[in-house]
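Enquirer: In order, the protein sequences belong to chains A and B. For the first sequence, our numbering assigns the number -7 to the initial residue and increments by one for each residue that follows. For the second sequence, our numbering assigns the number 150 to the initial residue and increments by one for each residue that follows. Backbone N, C-alpha and C fix where the C-beta goes; we use that ideal spot for every residue, glycine too. Because the structure is a prediction, the values reported are computed rather than measured.
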Amino acid sequence: MRHTLLHIAVASILATASLPALHAQNQTPPKWTPPRTPDGHPDMQGMWARRGTAMAEANGPNSPLSEFGATGQPYPTVFNTGVSTPQAAAAMANRPAGIIDPADRILPWRPEADAARREFLSHMIPPASLKYVEASARCVPPGLLGGDDRHPYQIIQRPGSFVVMFEYNHVTRVIHTDGRAHVGPNIRLYMGDSIGKWEGETLVVDTTNFNDKTSFSQTIPYHSEALHTVERFTMVDPNIIDYQLTIEDPKLFTSPIRIAGTFAAAAKGSELMEFACAEGSQTLPNIFGFGLFPEQ
Amino acid sequence: MNLAYRNRQSYDERFMKKRLAVCFALGTLLLAVPTWAQGPRGIPRTPDGKPDLNGVWQVLNAAAWDLEDHNASLRVPAGQSVVEGGVIPYQAAALAKKKENFQRRESADPAEAACYMPGVPRASYMPFPFEIIQSPKLVTMSYEFGHTRRSIFTDGTPHPDGFPDFWMGDSRGKWEGDTLVVDVTNLDERTWLDHAGNHHSDALHVVERYTMTDPDHILYEATLEDPKVFTKPWKISMPLYRRLEKNVKILEYECVQYIQEQKYGNAKPVAGAK
């Protein structure tokens, strides 16, 4: 059955029924056993909404974008109607979310790196030049932390790879699980190079080869090429994938940061729509006074 | 295998016969059911028996620069037409527009000058690899150019009513024998068909056919119908080649970022810009 945007919007309003909340403890193995793919791994295929992964630091600077309200966007934006998760309210209540290590959410900044990003933030509104225009307004791929708001994900599994498709900015991550190595160190990627391996019920994804052009949050507008992440996907009930993300960026932080989140099953009938970002966008033409095409 | 059993003295004859019977039964099953094994035509198949198109593919031609016969020029390889009959059957006014597009192609080609998604069918023959991610109800095309992606729904659903146009259109696929046939509508009129300015309107309707001819080749055909622009439907065809490198994967061609850097990298915001 095809669900249009309108249907999804209606579903968001109506989706208040809650399924039994089977939340598992973080450290104990899940009692429930997930369905299997033909090659014997937990079958996580489907439509999901990711919740709770924001890198919201305590005692951070104010976002220069905070004056623009919930979207944090000074620019006209069109968002879709969102992705609803029927089980969310009950099942999500006890889920871990956000920065879990350090527990006080005060990030282990290197002082010089903290000073540099505060300096960077001071040039964002108005933007001093292209690089200070907020990343999503420039259609920069979201990295591993962006892309959640209102936008679903779809997981497809094949022998030898685990595919995570973002609706947001139409990003596709093909995470190879066939034992291959990372690409060479001179290849630098917005979304990094991800290699997965199964550790029992958990898919562990190691990502390296990032460039330094994606943003962590409104107050952490970039990271370094030394960024290394490890993600752990564990399905703990039919509607919940426990998601953990460890971030190491030795040029910014003196120790790793751990973030917890949840992939919650999206309402039945959700599907990925086309998210066009740069096509026809007037954001940069408005900032700089001229468009990409001569006639604009 | 049979000979090996005969040479092993420890098996008594009755036990051996049982083993042989099991081997025979398994062998028959493998021949009869083309599951993960290769089918009669030697192409890989998915568990549901469809041709398995999963993999990284790429054209080897010059169609991205010009679908029709063209000579080489600076940074443009020469190429023979991939259009059946050689020439695109334009209406007179549309042909004039094509010629105007050609003159200003360096600054006006949406995919090259502004890095817009290439649309369909152009995404298929950009000089970049793309990955086919196939599952029973959804075939996803993930193109390296601009990390463009499109969903081809193979769940029997029709094109939805009242949808807007999309840069990559709305694609509904079905299997006709071993050919994936994809019906594409809702295509945005602002894309071009190649760098030579070949164009279409919002009435464009594309039917693509993906036929695996051996494990490493797909015959790609597309029929384009647009009563506002062409005098009749016309067809292109070309092979898609499997990228066989063991470590092949889709990398990134973040065209939007490169073009922004080129256009705005040294620009100053206008007064009052936020």
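1. Along the chain, where does the alpha helix (DSSP H) that runs through B:A257 open and close?
2. Whole beta strand (DSSP E) runs in the stretch 173 to 212 of chain A with 3 or more residues, listed along the chain?
3. Please classify A:K205 as buried or exposed, where buried requires at least 16 other C-beta atoms within 10 Å of its C-beta.
4. From what residue to what residue does the alpha helix (DSSP H) around B:Y402 run?
5. Would you please verify whether the beta carbon of B:S159 is less than 8 Å from any beta carbon of chain A?
6. Does the Cβ-Cβ distance between A:G192 and A:H168 come in under 8 Å?
7. Return the chain-ordered ranges of every alpha helix (DSSP H) run that is complete within the stretch 188 to 259 of chain B and spans a minimum of 4 residues.
8. Checking contacts by CB at 8 Å: is B:W316 closer than that to chain A?
9. Please list, in chain order, all residues of the same chain as B:P276 whose beta carbon is under 7 Å from its beta carbon, the five residues on each side excluded.
10. Could you spell out where the alpha helix (DSSP H) holding A:P103 opens and where it closes?
11. Within the 8 Å Cβ cut-off, does B:I281 reach chain A?
12. Taking A:Y182 as the query, report the chain B residues whose CB atoms sit under 9 Å from its CB, ordered along the chain.
13. Mind checking if A:T303 is an interface residue toward chain B, Cβ cutoff 8 Å exclusive?
14. What did DSSP end up calling A:L122 once you bin it into helix, strand or coil?
15. Using the Cβ count rule (16 or more neighbours within 10 Å means buried), how would you classify A:S247?
16. Using Cβ-Cβ distances below 9 Å, what residues of the stretch 249 to 283 of chain B are close to chain A?
17. Measuring only between beta-carbons, confirm whether A:P119 sits less than 8 Å from chain B.
18. Under three-state DSSP, which class holds A:F280?
19. Nearest to B:Y239 by alpha carbon, out of B:N347, B:R299, B:D215, B:D363?
20. Below 8 Å between beta carbons: does that hold for A:Y160 and A:F225?
21. B:G414 versus chain A: which residues are under 7 Å apart at the beta carbon?
22. Could you tell me if A:Q274 is buried or exposed, where buried requires 16 or more neighbouring beta carbons within 10 angstroms of its beta carbon?
23. Please list, in chain order, the residues of the stretch 26 to 41 of chain A that have any C-beta partner in chain B closer than 8 Å.
24. Which residue's Cα is closest to the Cα of B:S222: B:L353, B:L244, B:A211?
25. DSSP on B:Q409, reduced to helix/strand/coil?
26. Less than 8 Å between C-beta atoms, sequence neighbours within five positions excluded: which residues of the same chain meet that for B:V405?
27. Who are the Cβ neighbours of A:M116 in its own chain at under 6 Å, not counting the five residues just before and after it?
28. With 9 Å as the C-beta to C-beta threshold (strictly closer), list the residues of the stretch 238 to 262 of chain A near chain B in chain order.
29. When burial is assigned at 16 or more other CB atoms within 10 Å of the CB, is A:R289 buried or exposed?
30. Could you give the distance in angstroms between the alpha-carbon of A:A41 and the alpha-carbon of A:A257?
31. Using only CA atoms, which one of B:H349, B:V397, B:P270, B:A262 lies nearest to B:E357?
32. Using only alpha-carbon positions, find the residue among B:R194, B:S386, B:Y359 that is nearest to B:V231.
33. Pick helix, strand or coil for A:T275, following the three-state DSSP scheme.
34. Classify A:N178: buried if its beta carbon has 16 or more other beta carbons within 10 angstroms, exposed otherwise.
35. Can you tell me which of the three DSSP states A:M116 falls into?
36. Counting only C-beta atoms, is B:A422 closer than 8 Å to chain A at any point?
Expert: This is what the structure gives:
1. Taken as a continuous stretch (DSSP letters only), the alpha helix (DSSP H) holding B:A257 covers 254 to 257.
2. The qualifying runs are 185 to 191, 194 to 200.
3. Per the 10 Å Cβ criterion, buried.
4. Per DSSP, B:Y402 belongs to no alpha helix (DSSP H) and is neither H nor E.
5. The predicted position of B:S159 is uncertain, since its pLDDT is 38 and thus under 50; no value can be drawn from it.
6. Not closer than 8 Å, so no.
7. Listed in chain order, the complete alpha helix (DSSP H) runs (minimum 4 residues) inside the stretch 188 to 259 of chain B are 241 to 252, 254 to 257.
8. Taking Cβ atoms only, chain A reaches closer than 8 Å to B:W316, which makes this a yes.
9. Counting only residues of its own chain and dropping the five nearest sequence neighbours on each side, B:P276 has a CB closer than 7 Å to the CB of A213.
10. That run of the alpha helix (DSSP H) goes 103 to 113.
11. Chain A, which has no Cβ nearer than 8 Å to the Cβ of B:I281, makes this no.
12. The answer, in chain order, is H296, E401, E403, Q406.
13. Outside the shown range of chain A, which is -7 to 288, sits residue 303 of chain A, and nothing can be said about it.
14. Correct three-state label for A:L122: helix.
15. It is exposed - the Cβ of A:S247 has fewer than 16 other Cβ atoms within 10 Å.
16. Going along the stretch 249 to 283 of chain B in chain order, one finds R253, S256, A257, P259, A262, A263, C264, Y265, M266, E280, I282, Q283 with a Cβ nearer than 9 Å to chain A.
17. It does; some Cβ of chain B falls within 8 Å.
18. If DSSP states are grouped into helix, strand and coil, A:F280 belongs with the helices.
19. It is B:N347.
20. Taking C-beta atoms as the reference points, A:Y160 and A:F225 fail to come closer than 8 Å.
21. Within 7 Å Cβ-Cβ: L122.
22. A:Q274 is exposed by the Cβ-count criterion.
23. Cβ proximity to chain B below 8 Å picks out P30, Q37 from the stretch 26 to 41 of chain A.
24. Check the Cα spacing between B:S222 and each of B:L353, B:L244, B:A211: the tightest is with B:A211.
25. DSSP, read as helix, strand or coil, puts B:Q409 in helix.
26. Cβ neighbours of B:V405 beyond the five flanking positions: C264, G295.
27. Correct list, in chain order: P56, Y124.
28. Taking 9 Å as the upper bound on Cβ-Cβ separation, chain B lies near no residue of the stretch 238 to 262 of chain A.
29. As shown, chain A starts at -7 and ends at 288. That puts residue 289 of chain A outside it, with no answer to give.
30. When rounded, the distance between both Cα atoms is 6 Å.
31. B:E357 has its Cα closest to that of B:P270, out of B:H349, B:V397, B:P270, B:A262.
32. Taking only the C-alpha atoms, the option nearest B:V231 is B:S386.
33. In the structure shown, A:T275 sits in a helix (DSSP, three-state: H, G or I).
34. Classification of A:N178: exposed, given that the 10 Å Cβ count is below 16.
35. For A:M116, the three-state secondary structure derived from DSSP is coil.
36. Under the 8 Å criterion on CB atoms, B:A422 is classed as interfacial with respect to chain A.
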